[in-house]
Each structure stands twice: as structure tokens, then as C-alpha cells.
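Quick note: the sequence shown uses the working numbering, first residue 21, plus one each step. Each residue gets a CB set at the ideal place from its N, CA and C atoms; glycine is no exception. Note that the structure is a prediction, hence the values are computed from the model and not measured. Notes for the one structure printed next.
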Amino acid sequence: MPIDRRTLLTVSAAAAAASLLPKSATAQESAAAGFTQPPLPYAQDALAPTISAKTVGLHYGKHHASYFTALNKLAPGTPFEGVSLEEAITKAKADGNQAIFDNAGQAWNHVFYWNQFEGGPAAPEGAFLEAVTRDFGGVDEMKAAMVAEAGKVFGTGWVWLVEGDGKLEILGLQDAGNPIAEGKKPLAGIDVWEHAYYLDYENRRPDHVKAVLDSLVNWRFVGEQMSA
Ligand code: MN
């Protein structure tokens, strides 16, 4: 059935009127300048069975998305409007703006988290493998140290493999903690908030972290994050 002319005119008139409203224009401008969650770089079930499609769906679609939603409420009209996530993290830390720090940190952390699994698993190689051997004794030792650190993060947080002062280190950081804010270069980051593993591993955080390190991380990507 063809759309009748009256309906078409009504819809067009409403659209035209909406576009003239200052409120609508402001919303469009802030959306254009806002923080945007990048797409998940693979299908929702790509990390299964280590991380189920259900966990990825909730983690990416609800938890990760919520940090962008919060940032886009907090930033407009402040010096955080239009900056990169990295700039927001360092500036929020310097200014003591905890709400921006938490949401920008979590927004950035999860982008990095999803990206490190793309194309994985792949074994460490080249200069990165040499650095791992030099600083931890070997790949298994490095992974064991990350699992041990994951057990020490009380409550919510992250375990990071970082490069700092010319060597590789493991950092356990609380909540939205981020290596950039600590002056270190992030190479790999494992989310140890319960939302990352509880549906699949219940309270067994170390088992989850070990499985992720062994069967999901693209260690070639991790090596590429190292400075030349
Ligand atoms: Mn998370």
C-alpha cells in the first residue's frame, strides 16, 4: 500500500521542525564531538569456549558501552570535551577528576583488552620473546607471574604486562587503573572484574586468567606494542 501524501507531509514537517530546534542541534554537535565505542573486532562467540558469547555480549555491549555513555554525559562543556581517551586519562589524573578518570580509563582499557585477542592466539616471538626471557626467565614464568598478580588484586581491577624503564613488568591495578596514568607502556591487560569471568568461571579467577593467557591472547600483538 503506498504511503498517502498526507502522512508523508506530516512526517517531513515534523523532521524539518525538529532540525530547527536549538536543543536538537546541540545534541548533534555533542554526539559528533563525543567518545565513540569502537566495534568489537570479531564475532561475539569468537572467544568461546574460554570466554562465552554471553559474557562477551554483556561485557562489550553493557559494561564497556556504559563507560562511553557516562563519559558523554560528563565531558560536554568541560575541558574533557573533544580530547582523546589517553588525554582524558592523564588530564583527569592530574586534575584529580575521579569520575572522568574511571570512565575514560575503563573505556580505554576495554578497547585495548578486546584488541589484544584479535588474530590470536599467537606465540611470543622476536625481540618481545627475548625481553620476556630476560625479565621473567620464560613465557610460562611470565604467565604464572600474571596469574599470581591477578590473585592479589583485591576486588575489581586489572593485571597489566607493561614496559617501563627499559624492562617488562607486571602491574596489578585497582578499578580503572591504567598503565598510561602510571607512566608505563601497556603491552597486555587482563580484566579481573568479576563481570569478565563470573558467568563462565564463577569465583575461579586464576583459572580464567590462565586460560585467557594460554588460549586467547595474541602475543604477537602484545610484542608489537613494545617500543622499538
Ligand atoms: Mn570489564
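Helix, strand or coil for residue i? Go by DSSP, reduced to three states.
i: Asn-249; result: Because the chain in this structure spans residues 21 to 248, residue 249 falls outside the shown range and cannot be described.
i: Asp-211; result: strand
i: Pro-206; result: strand
i: Ser-44; result: Confidence at Ser-44 is low in this model, with a pLDDT of 40, below 50, so the placement of that residue should be treated as unreliable; the coordinate-derived value is given next. Here Ser-44 sits in helix by DSSP.
i: Glu-106; result: helix
i: Ala-248; result: coil
i: Leu-188; result: strand
i: Leu-219; result: helix
i: Gln-118; result: helix
i: Ala-142; result: strand
i: Leu-149; result: helix
i: Leu-181; result: strand
i: Gln-194; result: strand
i: Asp-227; result: helix
i: Ala-52; result: Residue confidence is low: Ala-52 scores 49 on pLDDT, short of 50, so the model does not pin down where it sits. Its coordinate-derived value is still stated next. It is helical.
i: Tyr-62; result: coil
i: Pro-125; result: The sequence shown places Gly at residue 125, rather than the Pro named in the question. Gly-125: helix per DSSP, three-state reduction.
i: Gly-97; result: coil
If we count the other Cβ atoms within 10 Å of its Cβ and call it buried at 16 or more, is residue i buried or exposed?
i: Asp-122; result: buried
i: Asp-160; result: exposed
i: Gly-139; result: exposed
i: Pro-22; result: Any reading at Pro-22 must be qualified, since the residue scores a pLDDT of 43, below 50, and its modelled position is unreliable; the value itself is stated next. Answer is exposed; the Cβ neighbour count stays below 16.
i: Gly-243; result: buried
i: Ala-170; result: buried
i: Phe-174; result: exposed
i: Ala-196; result: buried
i: Arg-154; result: exposed
i: Pro-58; result: exposed
i: Asn-198; result: buried
i: Thr-75; result: buried
i: Arg-224; result: exposed
Please write down, chain order preserved, every residue whose beta carbon lies under 6 angstroms from a heavy atom of the ligand MN. Answer in sequence order: His-79, His-83, His-130, Asp-211, Trp-213, His-215, Ala-216.
Is there contact between the segment 193-209 and the segment 168-183, where contact requires at least three CB pairs shorter than 8 angstroms? yes
Do the segment 145-158 and the segment 97-106 meet, that is, are 3 or more Cβ pairs less than 8 angstroms apart? no
Are at least three pairs of beta-carbons, each pair with one atom in the segment 158-177 and one in the segment 121-136, less than 8 angstroms apart? no
Measuring CB atoms only, is the segment 106-114 touching the segment 58-69, in the sense that at least three cross pairs come out at less than 8 angstroms? Counting Cβ pairs under 8 angstroms, fewer than three are found: no touch.
Do the segment 77-89 and the segment 215-223 meet, that is, are 3 or more Cβ pairs less than 8 angstroms apart? yes
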